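These protein sequence lines map, in sequence, to chains A and B.
Going by the numbering used here, the first residue of the first sequence is number 36, and it counts up by one from there.
Going by the numbering used here, the first residue of the second sequence is number 36, and it counts up by one from there.
For each residue, glycine too, the CB sits at the ideal point set by N, CA and C.
The structure presented is a predicted model; accordingly, all values stated were derived computationally and were not measured.
Number of protein chains: 2
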Amino acid sequence: MNLPQGFRASGVAAGLKASGRPDVGLLVSDLPALAVGVFTTNRVQAAPIEVTKRHVRRGSARAVVVNAGNANACTGSQGLKDARAMAKETAALLKTKEQQILVASTGVIGVPMDMTKTRAGIASAAEALDAGGLDALAGAIMTTDTRPKTAAADVPGGSVVGVAKGAGMIAPEMATMLCFLATDASADRGVLAQALQRATASSFNLISVDGCRSTNDCVLFLANGAGGGEPLTAEHPELQAFEAGVAEVCRSLARQIVDDGEGATKVVAVTIKGAVNDREAREAALRIADSVLLRCALHGADPNWGRVLAALGTTRIPFDPHLIDVWLGGEQLAKGGALGPGDRDKARAALLEREVEVLVDMNRGDASTTVLTNDLSPEYIRINAEYTT
Amino acid sequence: MNLPQGFRASGVAAGLKASGRPDVGLLVSDLPALAVGVFTTNRVQAAPIEVTKRHVRRGSARAVVVNAGNANACTGSQGLKDARAMAKETAALLKTKEQQILVASTGVIGVPMDMTKTRAGIASAAEALDAGGLDALAGAIMTTDTRPKTAAADVPGGSVVGVAKGAGMIAPEMATMLCFLATDASADRGVLAQALQRATASSFNLISVDGCRSTNDCVLFLANGAGGGEPLTAEHPELQAFEAGVAEVCRSLARQIVDDGEGATKVVAVTIKGAVNDREAREAALRIADSVLLRCALHGADPNWGRVLAALGTTRIPFDPHLIDVWLGGEQLAKGGALGPGDRDKARAALLEREVEVLVDMNRGDASTTVLTNDLSPEYIRINAEYTT
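1) Shortest alpha-carbon distance to residue 180 of chain A belongs to which of A:402, A:298, A:81, A:254?
2) Only counting the same chain, and skipping five residues up and downstream in sequence, which positions put a Cβ closer than 6 Å to that of residue 313 of chain A?
3) Could one say the Cβ of residue 362 of chain B lies closer than 8 Å to chain A's Cβ atoms, at least one of them?
4) Taking 8 Å as the cut-off, decide whether the C-beta atoms of residue 165 of chain A and residue 194 of chain A are in contact.
5) State buried or exposed for residue 37 of chain B, treating a residue as buried only when at least 16 other CB atoms are found within 10 Å of its CB.
6) Helix, strand or coil for residue 172 of chain B per DSSP?
7) With respect to the beta strand (DSSP E) encompassing residue 307 of chain A, which residues constitute its N-terminal and C-terminal limits?
8) Quick one: give me the first and last residue of the alpha helix (DSSP H) that residue 283 of chain B is part of.
9) Counting only runs of 4+ residues fully inside the segment 105-171 of chain B, write out the alpha helix (DSSP H) ranges in chain order.
10) Show which residues of chain B have a CB atom less than 7 Å away from the CB atom of residue 77 of chain A.
11) So, for residue 383 of chain B: in the same chain, excluding its five sequence neighbours on each side, which residues have a beta-carbon less than 7 Å away from its beta-carbon?
12) What's the gap between the Cα of residue 124 of chain B and the Cα of residue 116 of chain B?
13) Show which residues of chain B have a CB atom less than 8 Å away from the CB atom of residue 356 of chain A.
14) Just the chain B side, please: which residues come within less than 7 Å of residue 331 of chain A by C-beta, in chain order?
15) Using three-state DSSP, classify residue 210 of chain A as helix, strand or coil.
16) Go ahead and label residue 263 of chain A buried or exposed: buried means 16 or more other beta carbons lie within 10 angstroms of its beta carbon, across all protein chains shown.
17) Output the boundary residues of the beta strand (DSSP E) element that contains residue 62 of chain A.
18) Give, in chain order, every unbroken run of the beta strand (DSSP E) that is at least 3 residues long and sits entirely within the segment 346-412 of chain B.
19) Taking buried to mean at least 16 other C-beta atoms within 10 Å of its own C-beta, is residue 94 of chain A buried or exposed?
20) What three-state label does DSSP hand residue 101 of chain B in the structure shown?
21) With DSSP as the reference, label residue 343 of chain B as helix, strand or coil.
22) Excluding sequence positions up to five away, which residues of its chain have a Cβ less than 8 Å from the Cβ of residue 404 of chain B?
23) So residue 374 of chain A contacts chain B; which residues on that side make the cut at Cβ distance below 8 Å?
24) Would you mind stating whether residue 343 of chain B and residue 329 of chain B have Cβ atoms separated by less than 8 Å?
25) Cβ of residue 91 of chain A within 8 Å of Cβ of residue 139 of chain A?
26) Give the DSSP-derived three-state secondary structure of residue 200 of chain A in the structure shown.
27) Would you mind working out which of A:87, A:365, A:399, A:296 sits nearest residue 414 of chain A, comparing C-alpha positions?
28) Is the beta carbon of residue 257 of chain A closer than 8 Å to that of residue 96 of chain A?
29) Tell me the DSSP secondary structure of residue 325 of chain B in three-state form.
30) Tell me which residues share the same chain as residue 188 of chain B and place their Cβ nearer than 6 Å to its Cβ, disregarding the 5 neighbours each side in the sequence.
31) Going by the CB atoms, is the gap between residue 228 of chain A and residue 393 of chain A shorter than 8 Å?
32) Chain A partners of residue 371 of chain B, CB-CB under 8 Å?
33) Looking at the unbroken beta strand (DSSP E) that takes in residue 227 of chain B, where does it start and where does it end?
34) Please return the same chain residues whose Cβ sits closer than 6 Å to the Cβ of residue 192 of chain A, not counting the five positions on each side in sequence.
35) With a threshold of 8 Å between beta-carbons, can residue 413 of chain B be considered close to chain A, or not?
36) State the start and end residues of the unbroken alpha helix (DSSP H) segment that holds residue 86 of chain B.
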């Protein structure tokens, strides 16, 4: 996959991952670029998040520097110094200011950065920068991911290309993983921020692998206008097409994250319809998607629809249990809150597939939404029982 | 373990459990007894909960009839009829009114009751009633429990004896399982209700196996005054001793539930200190206890303290991450939100034990609390992936 015009990227192995796989990456715009971001809402925020928030607030950026293998979170004042040193090192190599560099880290929490290796990695990554370097960058940000995640879409004035990492500690109310987006389309900052906010709401904020929110998550979006088009403004007739392209890229990456969920054997689409409004639909879908018990049942292809209702009942939504219909694998197993006419055996067969559907009609209104999640498998536990050891 | 004076109990096999194990039980007071209860806060409530709430509101009861193997939840109007039929059948056998019978069910959600088997089971259970029948009752209410759960304490004017079931779908904000308490002490209803509320707050509301709240949970407390003592009132000098006895029984049963948590290999005590108030301490402890990621790490004896901070950061508490200290297995692994002086290897060794401790000092105030939970194991998933199949 190619980067938009005026962007280069790279990924190199600096020895931060015990596996020896690539772990330092760069995404660079050769022209000044506008920058916007969305960040984790966790009160405990990693050092690079603090630094990057400050830099993004200035409105423009030349590059993102990122490492995997160490989250640089819960690392105190030394962690902040290290995150700033990553920005400084990158700025020196690119002959720009520290404030023009956005920093991201992912990996183990609470371990000081090995800055000798990190500095050497940044230098190698700067030498390796290439217009065809997107896949190398995608590889360098992987942790428990089993495959790299990239997506692209054409937009008015150019293209939008994105790269993401994430497989566990994925939950909404923030960006929930690392994602870097680049476009050569020209747009004002308000347009970029709105496009990113809308795209995130309909993608990364509608997935949940385990209900656990990370300390390091962010989505960063750089726009360098290298496509040469007229800048998009809030009144531009092609604004919608631009937003649609950004959202398409984000949805593709969000879907790839769930598809690569730690230990997952299934992708589960939890759809709520008949909610009073979007907020309610989202609360219901997320609560169901986060039910450990339901996700165990889905792992075993057990059409245990009672767990859907039990999860729904723990929301703050004042619904009437006697109006709820539930479909699992296309079969209506609950009607009016009790046993429905659907075929249990057919439901079980459908739940054996890689893609399964949980559909709930609350019969209260017209709003609907879909949240993607995974089944919960013994493999998820194995991965997370041995993460730092 | 003996029941208090004037109580009899039984447990028989009626064929509701596929295993053929005991599944219908009775707890009967031979004298009129005062009755109070605490019920699940799940919006979806099982039919027996609806019936029992109505009966408890009348203030007195002669018996609890309970079945395992079928939760009689999400069973519509037929479920309500069936729960009432269980009360009627029991009342006829005990020669009392339907309203004097409390009904409880536990097991699979969404399946109609087999009332032929249930009726026959109630009749057998009535014949089997015995002053030594507590253990039989404890056995008859087990589902995924691997062992029966009973506890007793002496109180002014007699004793308090309790029986409970629960191993999964355990979370606070309600009673979180079935628990029946009986005392031959004499007390007014306000005293009973307050003793039960306080005991529940310090026991069943401070445990969490999986953060999933059931549709069927309740704690029922019968007091028949057969001990012959002077009735306890709100001003009685022995009131505190009575409440302490009730709380002791509830804490023992709560502890037994966590000790028998589905698939658990460890009992985890999550203690928060330095919180501003009890509510805050409880929110923090429960959020940490419900972190799937932390519970995986503890399963693998991985001293991954960053997951403690990451979970804490998702609460609404406005704490300062740079003031947080974390101990795992007695070792201070985080100090001021960053790496602490504790020994990682010693922490790992301590986490290999059956009983492990997670201690967080928020350094904000003087409130503290402890929540009990389990590690999350592949066995938990196996149990819950095959529950209805």
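Concretely, from the data shown:
1) Position 145 of the first sequence, counting from 1, holds the residue named residue 180 of chain A. Selected option, being the one with the closest Cα: A:298.
2) Mapped onto the first sequence, residue 313 of chain A falls at position 278. Around residue 313 of chain A: 402.
3) Numbered from 1 along the second sequence, position 327 holds the residue referred to as residue 362 of chain B. Closer than 8 Å: no.
4) For the purposes of this step, residue 165 of chain A is taken as residue 130 along the first sequence, with counting starting at 1. For the purposes of this step, residue 194 of chain A is taken as residue 159 along the first sequence, with counting starting at 1. In this structure, residue 194 of chain A does not lie closer than 8 Å to residue 165 of chain A by Cβ.
5) Counted from its first residue, the second sequence places residue 37 of chain B at position 2. By the 10 Å Cβ count, residue 37 of chain B comes out exposed.
6) Within the second sequence, numbered from 1, the residue matching residue 172 of chain B stands at position 137. If DSSP states are grouped into helix, strand and coil, residue 172 of chain B belongs with the helices.
7) Mapped onto the first sequence, residue 307 of chain A falls at position 272. Counting along the chain, the beta strand (DSSP E) containing residue 307 of chain A begins and ends at 302-310.
8) On the second sequence, position 248 is the one that residue 283 of chain B refers to. Residues 274-294.
9) 111-129, 150-162
10) The residue given as residue 77 of chain A occupies position 42 in the first sequence. Simply 345, 348, 349.
11) The residue labelled residue 383 of chain B in the question sits at position 348 within the second sequence. Counting only Cβ-Cβ distances below 7 Å, and skipping sequence neighbours, we find 336, 338.
12) By one-based count along the second sequence, residue 124 of chain B stands at place 89. By one-based count along the second sequence, residue 116 of chain B stands at place 81. Cα-Cα distance, rounded: 12 Å.
13) By one-based count along the first sequence, residue 356 of chain A stands at place 321. Taking the beta carbon of residue 356 of chain A as reference, the chain B residues within 8 Å of it are 78, 79, 80, 109, listed in sequence order.
14) The residue you call residue 331 of chain A lines up with position 296 of the first sequence. Neighbours of residue 331 of chain A on chain B, chain order: 416, 419, 420.
15) To locate residue 210 of chain A, count along the first sequence from 1; it is residue 175. Here the model assigns residue 210 of chain A a pLDDT of 31, short of 50, so the residue's position is not dependable and the matter cannot be decided.
16) Numbered from its first residue, the first sequence carries residue 263 of chain A at position 228. Burial call: exposed.
17) Residue 62 of chain A sits at position 27 when you count from the first residue of the first sequence. Unbroken beta strand (DSSP E) run through residue 62 of chain A: 59-74.
18) Counting only runs of 3 or more, we get 360-363, 366-370, 390-396, 402-409.
19) On the first sequence, residue 94 of chain A is found 59 positions in, with the first residue counted as 1. With fewer than 16 Cβ atoms within 10 Å of its Cβ, residue 94 of chain A is classed as exposed.
20) Numbered from its first residue, the second sequence carries residue 101 of chain B at position 66. In the structure shown, residue 101 of chain B sits in a strand (DSSP, three-state: E or B).
21) Reading the second sequence from its first residue, position 308 is the one you call residue 343 of chain B. Here residue 343 of chain B sits in helix by DSSP.
22) On the second sequence, residue 404 of chain B is found 369 positions in, with the first residue counted as 1. These residues qualify, in order along the chain: 241, 306, 307, 310, 313, 316, 317, 320.
23) Reading the first sequence from its first residue, position 339 is the one you call residue 374 of chain A. Going along chain B in sequence order, the residues near residue 374 of chain A (Cβ under 8 Å) are 109, 110, 111, 145, 146, 147.
24) Residue numbering aside, residue 343 of chain B sits at position 308 when the second sequence is read from its first letter. Residue numbering aside, residue 329 of chain B sits at position 294 when the second sequence is read from its first letter. One thing to note: residue 343 of chain B has its Cβ within 8 Å of the Cβ of residue 329 of chain B.
25) For the purposes of this step, residue 91 of chain A is taken as residue 56 along the first sequence, with counting starting at 1. For the purposes of this step, residue 139 of chain A is taken as residue 104 along the first sequence, with counting starting at 1. Taking 8 Å as the Cβ cut-off, residue 91 of chain A and residue 139 of chain A do not qualify as a contacting pair.
26) Numbered from its first residue, the first sequence carries residue 200 of chain A at position 165. Strand at residue 200 of chain A.
27) Residue numbering aside, residue 414 of chain A sits at position 379 when the first sequence is read from its first letter. The residue with the shortest Cα to Cα distance from residue 414 of chain A is A:296.
28) The residue you call residue 96 of chain A lines up with position 61 of the first sequence. The residue you call residue 257 of chain A lines up with position 222 of the first sequence. Against a cut-off of 8 Å, the Cβ pair of residue 257 of chain A and residue 96 of chain A comes out as a contact.
29) Here residue 325 of chain B corresponds to residue number 290 of the second sequence, with the count starting at 1. In this structure, residue 325 of chain B counts as coil in the three-state DSSP scheme.
30) What you label residue 188 of chain B is simply residue 153 of the second sequence in a count that begins at 1. 195, 280, 283, 284, listed in sequence order.
31) What you label residue 393 of chain A is simply residue 358 of the first sequence in a count that begins at 1. What you label residue 228 of chain A is simply residue 193 of the first sequence in a count that begins at 1. No, these two residues do not count as a Cβ contact at 8 Å.
32) Here the question's residue 371 of chain B lines up with position 336 in the second sequence. Within 8 Å of the CB of residue 371 of chain B, the CB atoms of chain A belong to 111, in sequence order along the chain.
33) Taking the first residue of the second sequence as 1, we reach residue 227 of chain B at position 192. Careful: residue 227 of chain B lies outside any beta strand (DSSP E), inside the alpha helix (DSSP H) at 224-236.
34) Residue mapping note: residue 192 of chain A aligns to position 157 of the first sequence, counting from 1. So the qualifying residues of the chain are 220, 221, 262, 264.
35) On the second sequence, position 378 is the one that residue 413 of chain B refers to. Residue contact with chain A for residue 413 of chain B: present (Cβ-Cβ distance below 8 Å to some residue of chain A).
36) Counting from one through the second sequence, the residue named residue 86 of chain B turns up at place 51. Run containing residue 86 of chain B: 82-92, per the alpha helix (DSSP H) assignment.
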